[in-house]
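Trainee: In the working numbering, the protein residues as written are 52 to 266.
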Ligand code: DX5
Ligand code: ZN
């Protein structure tokens, strides 16, 4: 699959409504929303009121990426705020299996994110439960960083695990995506590309989204 999720972390927050409208009219498949708590990552972004506001006008499903400690405390609230996919970090969950069940019980797609240093092999005992795996291709916390090349190898290994186990999990990759990187990732087996600064920094964001789907 070749799906695209523009990350609104790089949108213009003075005119967020206009940027959501642009995504609505584009070929984007999801809207990627990055929630940061200043503890799990060295940055703070936005929370429930902003996600609720986006959800009121978005015609695309919300792909909510939680970069927070103790995500299990807020599962219900993020699902109610409008998440269609909810991603928690492997590194932030002590009882990952339980947290995944909590997300699924809300009728929301459950996804786990791995930091660049976290091995895909660690998903072996949870992959059957997952709707999506998000591979970080930068260290989480900021938009506009450089893609870490090792992610292509991780994507291939994860794809191999998913096929071998007959898992339904989609592979999403997040960080430093552009046309060159996107082409390599789709080839390696990625299904969903997150793109922030590449989309919102482009002269024509709508066309950039369409082009990312046709790599
Ligand atoms: C980084 C976030 C990303 C970010 C990607 O921690 O998880 O979703 O918005 O931004 P780019 O595409 O600019 O690397
Ligand atoms: Zn993200």
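Every residue, glycine too, gets a C-beta built ideally from N, C-alpha and C.
Under 8 Å: do the segment 203-214 and the segment 243-254 share three or more Cβ pairs, one atom per stretch?
Mentor: Not touching, per the Cβ criterion.
Trainee: Contact between the segment 163-174 and the segment 128-146 is defined here as three or more beta-carbon pairs at a separation below 8 Å; is this criterion met?
Mentor: Segments in contact, yes.
Trainee: Going by alpha carbons, who is nearest to residue 167 out of 224, 104 and 235?
Mentor: Residue 224 is the option with its Cα nearest to residue 167.
Trainee: Is it true that the CB of residue 99 sits closer than 7 Å to the CB of residue 119?
Mentor: Taking 7 Å as the Cβ cut-off, residue 119 and residue 99 do not qualify as a contacting pair.
Trainee: Which residues does DSSP list as the beta-bridge partners of residue 239?
Mentor: The partner list for residue 239 (beta bridge, DSSP) is empty, contrary to what the question assumes.
Trainee: How would you call residue 179, buried or exposed, if buried means at least 16 neighbouring beta carbons within 10 angstroms?
Mentor: By the neighbour-count rule (16 or more Cβ atoms within 10 Å), residue 179 is not buried but exposed.
Trainee: Indicate, with yes or no, if the ligand DX5 has a heavy atom lying under 6 Å from the CB of residue 162.
Mentor: For the ligand DX5, not one heavy atom lies less than 6 Å from the Cβ of residue 162.
Trainee: Any chance the CB of residue 246 is under 6 Å from a heavy atom of the ligand DX5?
Mentor: Residue 246 Cβ: within cutoff of the ligand DX5.
Trainee: Could you compute how far the alpha carbon of residue 274 sits from the alpha carbon of residue 251?
Mentor: What the structure shows of the chain is the stretch from 52 to 266, and residue 274 is not part of that stretch, so it cannot be assessed.
Trainee: Who are the Cβ neighbours of residue 86 in its own chain at under 8 Å, not counting the five residues just before and after it?
Mentor: Here the set comprises 96, 97, 98, 102, 115, 116, 117, 118, 119 and 129.
Trainee: Residue 84 bridges to which residues according to DSSP?
Mentor: In DSSP, residue 84 forms a bridge with 115.
Trainee: Just to check my reading of the structure: residue 55 and residue 263 have Cβ atoms closer than 8 Å, yes? What is that Cβ distance to the nearest angstrom?
Mentor: Contact flag correct, Cβ pair sits at about 5 Å.
Trainee: Look at residue 132 and residue 112 and say whether their C-beta atoms are less than 7 Å apart.
Mentor: Against a cut-off of 7 Å, the Cβ pair of residue 112 and residue 132 comes out as no contact.
Trainee: For residue 80, does the count of other Cβ atoms within 10 angstroms reach 16, so buried, or fall short, so exposed?
Mentor: Flag for residue 80 reads buried.
Trainee: On the three-state DSSP scale, how would you describe residue 175?
Mentor: Reduced to three states, the DSSP call for residue 175 is coil.
Trainee: With DSSP collapsed to three states, give me the class of residue 184.
Mentor: Residue 184: strand per DSSP, three-state reduction.
Trainee: DSSP has residue 246 in a bridge; who is on the other side?
Mentor: DSSP, once it has assigned bridges, lists 57 as partnering residue 246.
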